[in-house]
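Colleague: Questions regarding the structure given below will be posed in turn.
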Amino acid sequence: MVHNPMVHDPVFLEIFSNDRINGFLEAALDEHCILYACTSSSMPPHGTNYSGRIHVDCPRVIPGYPTNIGFLIAFDDFTRENGATYFLPRSFERTDPPDDAEFFDNAARPLPRAGDAILFNARTWHMGGQNKTDRYRHAFTMNVCRSYMRQRFDYPRLLGEGLLETLDERALKRLGYRVRVPVDLDEYYVPPEQRLYLGGQG
Numbered sequence: 216m217v218h219n220p221m222v223h224d225p226v227f228l229e230i231f232s233n234d235r236i237n238g239f240l241e242a243a244l245d246e247h248c249i250l251y252a253c254t255s256s257s258m259p260p261h262g263t264n265y266s267g268r269i270h271v272d273c274p275r276v277i278p279g280y281p282t283n284i285g286f287l288i289a290f291d292d293f294t295r296e297n298g299a300t301y302f303l304p305r306s307f308e309r310t311d312p313p314d315d316a317e318f319f320d321n322a323a324r325p326l327p328r329a330g331d332a333i334l335f336n337a338r339t340w341h342m343g344g345q346n347k348t349d350r351y352r353h354a355f356t357m358n359v360c361r362s363y364m365r366q367r368f369d370y371p372r373l374l375g376e377g378l379l380e381t382l383d384e385r386a387l388k389r390l391g392y393r394v395r396v397p398v399d400l401d402e403y404y405v406p407p408e409q410r411l412y413l414g415g416q417g
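Numbered continuously in our numbering, the sequence shown closes out at residue 417.
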C-alpha cells in the first residue's frame, strides 16, 4: 500500500481535476468536499491485502447524512478470481458488523474494467477478496469527506505551496487548500479574498 501516490508521481494529481470524478463526488457530498485519504490498493498473487476483512471506511453513522464517500479506480480488470471487492448493499446505516454467513450470502461483487470506478458510501460494509491468480491486481482508492472535517494528512503542507500556481480551483478544493486554518493574526486579518478558509463551506 502506498499512501498519497501523488507525492511520488504528479500524474495522480490529475484525478483531482477530473470533471467526471468531481461531479460524482460533489453530487454525493457537496462542492466543498475534501480528500480525507488516498492510497494504492494492490492485491498480491495468491493472497489478499489490508482490505481483506469485513469493514467500513468511516466510523460515524448519521442517518440520512453521508459524511464520507469511497471512490475506487480500477487499474486492472476486476474479476472474481483476482479479488474483486464485496459490498453488502444498503448496509451503510448499520453499526453492527454482519457475520460471515450474512455477508457472503448477500454481498454484491461489481466487476469494473481497468479505468472504471466505483463510488460508495464509506459506511458500507465491504471487503477485498482473495486473489487466486499469478498476477497483482492494482487499484487507486480515496476517501472524500465534508469540508469541516480533518484530513488524515495535512495535504497543503505535504504537497507544498507550488500547487497553488499549477492546479485548477476544483483540485485545490479537493486537496484542502481552501479550508486551511490561520496560524497567526497576520493570516487571520487578511482581506476576505486572501483567506485560507473561504466562505460557503457547509
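For each residue, glycine too, the CB sits at the ideal point set by N, CA and C.
Predicted, not measured: the structure shown is a model, and the values here were computed from it.
1) Is it true that the CB of residue 291 sits closer than 7 Å to the CB of residue 352?
2) Spell out the partners DSSP gives residue 228 in its beta bridges.
3) I need the straight-line Cα distance from residue 416 to residue 362, nearest angstrom please.
4) Can you give me the Cβ contacts of residue 279 inside the same chain, cut-off strictly under 8 Å, excluding the 5 residues immediately before and after it?
5) What is the C-beta distance between residue 359 and residue 283, in whole angstroms, given that I count them as a contact (C-beta under 8 Å)?
6) Would you list the one or two residues that DSSP bridges to residue 301?
7) So is residue 388 buried or exposed if we call it buried at 16+ other beta carbons inside 10 Å?
8) Who are the near neighbours of residue 294 in its chain, counting only those whose CB is closer than 7 Å to its CB and skipping five residues on each side?
9) Quick one: grab the DSSP three-state call for residue 405.
10) Have a look at residue 408 and residue 246 and give me their C-alpha separation to the nearest angstrom.
11) Just checking: is the beta-carbon of residue 251 within a distance shorter than 7 Å of some beta-carbon in chain C?
12) DSSP on residue 243, reduced to helix/strand/coil?
13) Output the distance between the C-alpha atoms of residue 275 and residue 338, rounded to the nearest integer angstrom.
14) Looking at the secondary structure, which residues open and close the alpha helix (DSSP H) in which residue 418 lies?
15) Measuring alpha carbon to alpha carbon, tell me which residue in 296, 306, 285 is nearest residue 346.
16) Does residue 271 pass the burial test, meaning 16 or more other C-beta atoms within 10 Å, or should it be called exposed?
17) Count the other CB atoms within 10 Å of the CB of residue 375; is the residue buried (16 or more) or exposed (fewer)?
18) Quick test of the definition: if touching needs 3 or more C-beta pairs under 8 Å, does the stretch 241-256 touch the stretch 310-319?
Modeller: Well, looking at it:
1) Reading the sequence shown from its first residue, position 137 is the one you call residue 352. Reading the sequence shown from its first residue, position 76 is the one you call residue 291. Result yes, Cβ atoms of residue 352 and residue 291 sit closer than 7 Å.
2) Against the sequence shown, residue 228 aligns to sequence position 13. Answer is none; residue 228 lacks a bridge partner.
3) Here the question's residue 416 lines up with position 201 in the sequence shown. Here the question's residue 362 lines up with position 147 in the sequence shown. The predicted model places residue 416 with a pLDDT of 45, which falls under 50 and marks its position as unreliable; any figure quoted below should be read in that light. Taking the straight line joining both Cα atoms gives about 6 Å.
4) As a working mapping, residue 279 is identified with position 64 in the sequence shown. Excluding positions up to five away in sequence, the list is empty.
5) Stepping through the sequence shown from its first residue, residue 359 is reached at position 144. Stepping through the sequence shown from its first residue, residue 283 is reached at position 68. The pair is a contact, with the Cβ atoms about 7 Å apart (cut-off 8 Å).
6) Residue 301 sits at position 86 when you count from the first residue of the sequence shown. In DSSP, residue 301 forms a bridge with 342.
7) Numbered from 1 along the sequence shown, position 173 holds the residue referred to as residue 388. Residue 388 should be labelled buried.
8) Here residue 294 refers to the residue found at position 79 when the sequence shown is read from its first residue. Cβ within range, chain order: 326.
9) Residue numbering aside, residue 405 sits at position 190 when the sequence shown is read from its first letter. Coil.
10) Taking the first residue of the sequence shown as 1, we reach residue 408 at position 193. Taking the first residue of the sequence shown as 1, we reach residue 246 at position 31. If you draw a straight line from the Cα of residue 408 to the Cα of residue 246, it is about 18 Å long.
11) In the structure shown, chain C cannot be found, because there is only a single protein chain.
12) As a first step, residue 243 must be located in the sequence shown, where it is residue number 28. Residue 243: helix per DSSP, three-state reduction.
13) Residue 275 sits at position 60 when you count from the first residue of the sequence shown. Residue 338 sits at position 123 when you count from the first residue of the sequence shown. Here the alpha carbon of residue 275 sits roughly 8 Å from the alpha carbon of residue 338.
14) Because residue 418 is not part of the residues shown, which for the chain are 216 to 417, the question remains open.
15) Indexing the sequence shown from 1 puts residue 346 at position 131. The alpha carbon of residue 346 has as its nearest neighbour, out of 296, 306, 285, the alpha carbon of 296.
16) For the purposes of this step, residue 271 is taken as the residue at position 56 of the sequence shown. If you draw a 10 Å sphere on the C-beta of residue 271, you find 16 or more other C-beta atoms in it, and that means buried.
17) On the sequence shown, residue 375 is found 160 positions in, with the first residue counted as 1. Around the beta carbon of residue 375, fewer than 16 other beta carbons lie within 10 angstroms, which makes this residue exposed.
18) Pairwise C-beta distances place the stretch 241-256 out of contact with the stretch 310-319, as fewer than three of them are shorter than 8 Å.
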